[in-house]
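Q:
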Amino acid sequence: MARTASIRVYQNTPAVLFGSTTVAASPNVPASGVPFPSLKAPVLPHHESFQDRAFSTYKFEGTPAPDSPLLSFDDQANGFMFSAADNFPVAKLAVGADNTLSAGIAASVTTLPAGFTHQSILALGKGIGTTYGTWGSALMALGGKHRVPNDANDTLNKLGYWTDNGAEYYYKYDEKLGYTGTLLAAAKDFADHGIPLGYLQLDSWWYPKGSSNTWQGNGNLRGGEYTFRAAPDLFQDGLAAFRNQVGLPLITHARWVDPSSPYHSQYTMSGNVVTDPRFWEGTMRYLSDAGVVGYEQDWLSDGAQAQYNLSDPNAFVGNMAQSAAAKGIDLQYCMPLPWNYLQSTKYQNLQTSRVSGDRFDRDKWDEYLFDSHLAGSLGEQPWSDVFMSKETNNLVLSLLSGGMVGVGDKIGEVSTTNLNQAVRGDGVLVKPDTAIVPLDSTYLAVAKDAQAPMVAATHSDHNGLRDAYVFAYARNGGSQPIGFSPAELGVNGAAYVYDYFTGKGQLVPAGGRFTGTVSDGSYYVVSPVGKSGIAFLGDAGKFVSAGGKRISQLSDQGQVRTTVQFAAGERSVQLRGYVPTAPKATALSGTAGPVSYDAATHLFTVAVTPGPGQKAEVQINR
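Using this note's numbering, the first residue of the sequence shown is number 854, and each one after it goes up by one.
In structure tokens form, the structure reads like this:
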């Protein structure tokens, strides 16, 4: 095979971009030559990759899927990531018997045309989180994507209501109310509890499916889409009319196209998906006119796949993304394969991906946390899937994703106690800056012992002060010891570790380590002891107590100074912190009540109320 090759290095980034371009059309067979690059990699003891199955579940050791990135690391968590940098649907990563890494094109592509270029990327890092970050940032730069802010729109910024598999109203409704009437009643139920919803998701029940052309569908898995329009027997007045009734932005689900669908004769197709831009333009126009703000493409690992060649997969997801962007609609991938995650770097409006199986619960936690590292490093916000609001651990973990949070409660079963710890009075989520992921030390432990406990963390940053949030649980079916240092969380100096569920805490000196025993889920807030000698924990009534939507500003130059953001109608917020002696609190804006101080625990609380702009500015000192 006649080809040219390139190697590109970066001045300030430990990454290398390899490129190979065919000079003339050539058969894509091994006899055509050795793939470029072909790298003799160091033999490192640990490896992680992602499987060619729904949600691309992580795995340690074993042969990587051809479209997966490969992470290799040593016992100090230093290593490299290697992956395709383009042509993601048909990329073929391979590891030879002599540990040679190569990057080629899948055998489903029989001919490489003249001028065809394939790129791959190698990123190195000291620490697993750092390596993921370097690799992901490099791919985003190549694809032209910027990291999606975790409050980019209502679906990310506010609590949602979901009707997918595992939710109360998945292919089920109150027969006295009808389907749409049931959802109207559900939205009202949340509002009546003082927790307004930010959006509503409509799952696959909303459109007709199968050869029966009914919302229930028929055949295997109820069939694919017959037409991608609201089922008339459920939405008698149309989707737009329902959107106006419920008063909420909508996310709509999609699957593959049924073999009986008229779309096969109307549009250009590949497999059971539409590649024709006319379909996508018309579909996104219809959705936009009906008040839809999010399009969820499901079944990407199953029925919703194009034929794997150099054009069709890109036409499928590319025309989808382009037409959606033109109408201001954001995308979510569900059941993604590894290449779908990587492909997302080409589309700014691909904002979220489901990273774990249907109905979020304990058996999905591992997959959710490890796969969130893949999604988050590529600029997406990971999504856990639906759960019920009474499930405290599920709520905390989903909230710590920094992305979507959506529940599927039955009418009358909303847990206001839990949800009020996750949202403000306007439904805005109080969450961390980034997605929760396993610590580097957890990667090392799990790579060596499949039953090692989970310790995962995320954080909120304010002017050089970092509050960290740690979720830990046993993975052996019982109880296990865990430990972490504030330093490995990015919390500098001495820190106070507060056990949110028990209400107890512990001061950890600079360079020290916290240890404990966990079983089915423990949650810790880790706050730095600032120059004032105070560890400011934030809002005592919120899981993510120093989240930016509540604590909008925070500094400590010898005294704690913080700005507390209120929703309209919120009257008071109780702040909490640790200090060796009773502190004083002064309101610079709004009001601050008397400080309550426990001399035994050294914890204090003070209630503050808003001033102008729904804010309170408070100064706390010893």
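Yeah, the Cβ is synthetic: ideal placement off N, Cα and C, and Gly gets one too.
1) Where DSSP assigns a beta bridge to VAL1371, which residues make up the other side?
2) So, at 8 Å on beta carbons, what are the nonlocal neighbours of ASP951 in its own chain, with the 5 sequence-adjacent residues on each side left out?
3) Comparing alpha-carbon positions, which option in SER909, ASN881, LEU1428, ASP1027 lies nearest ARG1403?
4) For the beta strand (DSSP E) containing SER973, list its first residue and its last residue.
5) With the cut-off set at 8 Å, would you say ARG856 and VAL876 are in Cβ contact?
6) According to DSSP, is PRO895 part of a helix, a strand, or is it coil?
7) The alpha helix (DSSP H) that contains VAL1099, what's its start and end?
8) DSSP has GLY1147 in a bridge; who is on the other side?
9) Please specify which runs of the beta strand (DSSP E), each continuous and at least 3 residues long, are wholly inside the region 1356-1441, giving them in chain order.
10) Do you know whose CA, among ARG1277, VAL1281, THR1270, LYS1263, lies nearest MET1257's CA?
11) What separation, rounded to the nearest whole angstrom, lies between the Cα atoms of ASP1320 and LEU1253?
12) Might you give, ordered along the chain, the residues of its own chain that have their beta carbon closer than 8 Å to the beta carbon of SER1553, omitting 5 neighbours on each side?
13) Nearest-angstrom Cα distance between TYR1060 and PHE1367?
14) Taking the DSSP output, what are the residues bridged to MET1307?
15) Go through the region 927-973 residue by residue and report every complete run of the beta strand (DSSP E) that reaches 3 residues or more, in order.
16) Would PRO1102 and GLY1144 qualify as a contact pair, given that the criterion is a beta-carbon distance under 8 Å?
17) Can at least three beta-carbon pairs, one atom from the region 1434-1446 and one from the region 1463-1472, be found at a separation below 8 Å?
18) Apply the 10 Å Cβ neighbour rule to GLY1430 and answer buried if 16 or more other Cβ atoms are within range, or exposed otherwise.
19) For ASN1003, which residues of its own chain have a beta-carbon under 7 Å away from its beta-carbon, when the five flanking residues on both sides are left out?
20) Near ALA1325, which residues of its chain fall below 7 Å by C-beta distance, leaving aside the five closest residues on each side in sequence?
21) Distance check for TYR1450 and GLU1470, CA to CA, integer angstroms please.
22) With 16 as the cutoff for other CB atoms within 10 Å, does THR916 come out buried or exposed?
23) Go ahead and pull the three-state DSSP assignment for PHE913.
24) Give every residue of the same chain whose Cβ lies closer than 7 Å to the Cβ of LEU1030, excluding the five residues on either side of it in the sequence, and list them in chain order.
25) Looking only at its own chain, which residues have a Cβ that is under 8 Å from the Cβ of ALA1298, when we skip the five neighbours before and after it?
26) Distance check for GLY1047 and ARG1424, CA to CA, integer angstroms please.
27) In three-state terms, what does DSSP make of LEU1153?
28) Consult DSSP for GLY1343 and reduce its assignment to one of helix, strand or coil.
29) Could you tell me the distance, in whole angstroms, from the CA atom of VAL821 to the CA atom of PHE1043?
30) Looking at the unbroken beta strand (DSSP E) that takes in TRP1133, where does it start and where does it end?
31) Can you round the beta-carbon distance between LEU946 and ALA956 to whole angstroms, since I take them to be within the 8 Å contact cut?
32) DSSP three-state label for TRP1109, please.
33) Look up THR1198 in the DSSP assignment and say whether it is helix, strand or coil.
34) Less than 8 Å between the CB atoms is what I'm expecting for VAL1239 and GLY1019, so what's the real figure, rounded?
35) Give me the Cα-Cα distance between GLY1401 and SER1313, rounded to the nearest whole angstrom.
36) Going by CA-CA distance only, name the one from VAL1267, THR1355, LEU1360 that's closest to ASP1045.
A: In brief:
1) DSSP, once it has assigned bridges, lists GLN1333 as partnering VAL1371.
2) Cβ-Cβ distances below 8 Å link ASP951 to LYS893 in the same chain, with the five nearest sequence neighbours on each side left out; the list follows chain order.
3) Ranked by Cα distance from ARG1403, the options SER909, ASN881, LEU1428, ASP1027 are led by LEU1428.
4) 970-979 is the span of the beta strand (DSSP E), which, as asked, contains SER973.
5) In this structure, ARG856 sits near VAL876, with a CB-CB distance shorter than 8 Å.
6) Under the three-state reduction of DSSP output, PRO895 falls in the coil class, being neither helix nor strand.
7) Per DSSP, VAL1099 belongs to the alpha helix (DSSP H) from 1092-1099.
8) Beta-bridge pairing links GLY1147 to ILE1104, ASP1183.
9) Runs found: 1357-1361, 1367-1371, 1375-1381, 1388-1392, 1404-1409, 1413-1418, 1426-1431.
10) Measuring from the Cα of MET1257, the nearest candidate turns out to be VAL1281.
11) When only Cα atoms are considered, ASP1320 and LEU1253 end up about 13 Å apart.
12) Given a span of 854 to 1475 for the chain in the structure shown, any question on residue 1553 remains unanswerable.
13) Using only the alpha carbons, I get a separation of about 52 Å.
14) As a beta-bridge residue in DSSP terms, MET1307 pairs with TYR1326.
15) Within the region 927-973, complete beta strand (DSSP E) segments of at least 3 residues are found at 931-937, 944-948, 953-958, given in chain order.
16) With contacts defined by Cβ atoms closer than 8 Å, PRO1102 and GLY1144 form a contacting pair.
17) Cβ pair count under 8 Å is three or more, so yes.
18) The Cβ neighbour count for GLY1430, taken over all protein chains shown within 10 Å, is at least 16; the residue is labelled buried.
19) LEU1009, GLN1234, GLY1255, GLY1256, LYS1284.
20) Contacts found: PRO1306, MET1307, VAL1308, ILE1335, VAL1371, SER1375.
21) Cα-Cα distance, rounded: 20 Å.
22) Taking every protein chain shown into account, the CB of THR916 has fewer than 16 other CB atoms within 10 angstroms, so this residue is exposed.
23) Three-state DSSP puts PHE913 in a strand.
24) Within its own chain, the residues whose Cβ lies closer than 7 Å to the Cβ of LEU1030, once the five positions on either side in sequence are excluded, are ALA1038, listed in chain order.
25) Counting only Cβ-Cβ distances below 8 Å, and skipping sequence neighbours, we find ALA1305, PRO1306.
26) Approximately 13 Å between the Cα atoms of the pair.
27) Looking at LEU1153 - three-state DSSP - the assignment turns out to be coil, as it is neither helix nor strand.
28) Looking at GLY1343 - three-state DSSP - the assignment turns out to be coil, as it is neither helix nor strand.
29) A query on residue 821 cannot be resolved here, the shown segment of the chain reaching from 854 to 1475 and no further.
30) Unbroken run through TRP1133 is the alpha helix (DSSP H), 1130-1142; no beta strand (DSSP E).
31) About 6 Å separates the two Cβ atoms, so the contact holds.
32) The answer is coil: DSSP assigns TRP1109 none of H, G, I, E or B.
33) Here THR1198 sits in helix by DSSP.
34) Between GLY1019 and VAL1239 the Cβ distance is about 5 Å, and since that is below 8 Å, they are a contact.
35) Approximately 7 Å, taken between the alpha carbons.
36) Comparing Cα-Cα distances from ASP1045 to each of VAL1267, THR1355, LEU1360, the minimum goes to VAL1267.
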